[in-house]
Amino acid sequence: MKEFIKKHMKTLTGALCGLLNGLFGSGGGVIAVPMLRLFGLEARKSHATSVAVIFFLSVMSVIAYGLRGSLEWQTALSYVPWGVAGAVLGALLLKKVPNSLLRRIFGIVVLISAVKILFF
Numbered sequence: 515m516k517e518f519i520k521k522h523m524k525t526l527t528g529a530l531c532g533l534l535n536g537l538f539g540s541g542g543g544v545i546a547v548p549m550l551r552l553f554g555l556e557a558r559k560s561h562a563t564s565v566a567v568i569f570f571l572s573v574m575s576v577i578a579y580g581l582r583g584s585l586e587w588q589t590a591l592s593y594v595p596w597g598v599a600g601a602v603l604g605a606l607l608l609k610k611v612p613n614s615l616l617r618r619i620f621g622i623v624v625l626i627s628a629v630k631i632l633f634f
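Per our numbering, the sequence shown runs over residues 515 to 634.
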């Protein structure tokens with residue numbers, strides 16, 4: 515079993531990221547970033563690469579939700595301008611944040627999210 519998992523780690527990681535993204539609308543990055551780190555990418559490249567992976571997964575989720583009529587387009591689109599601004603700012607800041615601090619911030623965000631999901 516360990517050999518199978520080791521051999522197919524990228525496949526399993528991609529599938530799990532897609533599943534989380536499809537179920538929750540996000541969350542794939544929580545899996546992608548640590549796995550990309552495990553594959554040898556440094557923190558900045560892991561986060562940036564994760565964004566690229568999640569982009570394509572999100573596009574597929576939008577298509578699936580849209581075809582089912584589950585999307586509230588007007589509400590979704592109202593978040594886009596500020597979301598784009600935040601994404602650009604985050605990408606610019608990523609270059610300036612040391613990898614060790616980036617890992618800690620990511621860990622804190624994951625912990626806060628977990629606590630909020632579990633208890634609120």
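For every residue, glycine included, the Cβ atom is placed at its ideal position computed from N, Cα and C.
Treat the numbers as computed from the prediction; the structure is a model and nothing was measured.
### Query
If you draw a straight line from the C-alpha of Val544 to the C-alpha of Val623, how long is it?
Mapped onto the sequence shown, residue 544 falls at position 30. Mapped onto the sequence shown, residue 623 falls at position 109. Answer to the nearest angstrom: the Cα atoms are 10 Å apart.
### Message
Check this for me: beta carbons of Gly542 and Val567, under 8 Å apart or not?
### Response
Counting from one through the sequence shown, the residue named residue 542 turns up at place 28. Counting from one through the sequence shown, the residue named residue 567 turns up at place 53. For the 8 Å CB-CB criterion, Gly542 and Val567 form a contact.
### Classification of Ala628 by the beta-carbon crowding that lies within 10 angstroms, buried from 16 upward
Residue numbering aside, residue 628 sits at position 114 when the sequence shown is read from its first letter. Classification for Ala628: exposed.
### Query
In chain order, what residues of the same chain have a beta carbon less than 8 Å from the beta carbon of Gly532, not counting five sequence neighbours either side?
Looking up residue 532 in the sequence shown gives position 18. Sequence-distant Cβ neighbours of Gly532 in its own chain, meaning closer than 8 Å and more than five residues away, are Gly542, Leu571, Met574.
### Query
Can you give the Cα-Cα distance for Gly604 and Gly597, rounded to whole angstroms?
Locating residue 604 in the sequence shown gives position 90, counting from the first residue. Locating residue 597 in the sequence shown gives position 83, counting from the first residue. Gly604 and Gly597 have their alpha carbons spaced roughly 10 Å apart.
### Task
Can you tell me which of Leu591, Glu556, Gly536, Leu534 puts its alpha carbon nearest to the alpha carbon of Arg617?
Here residue 617 corresponds to residue number 103 of the sequence shown, with the count starting at 1. Checking every option, the nearest Cα to that of Arg617 belongs to Glu556.
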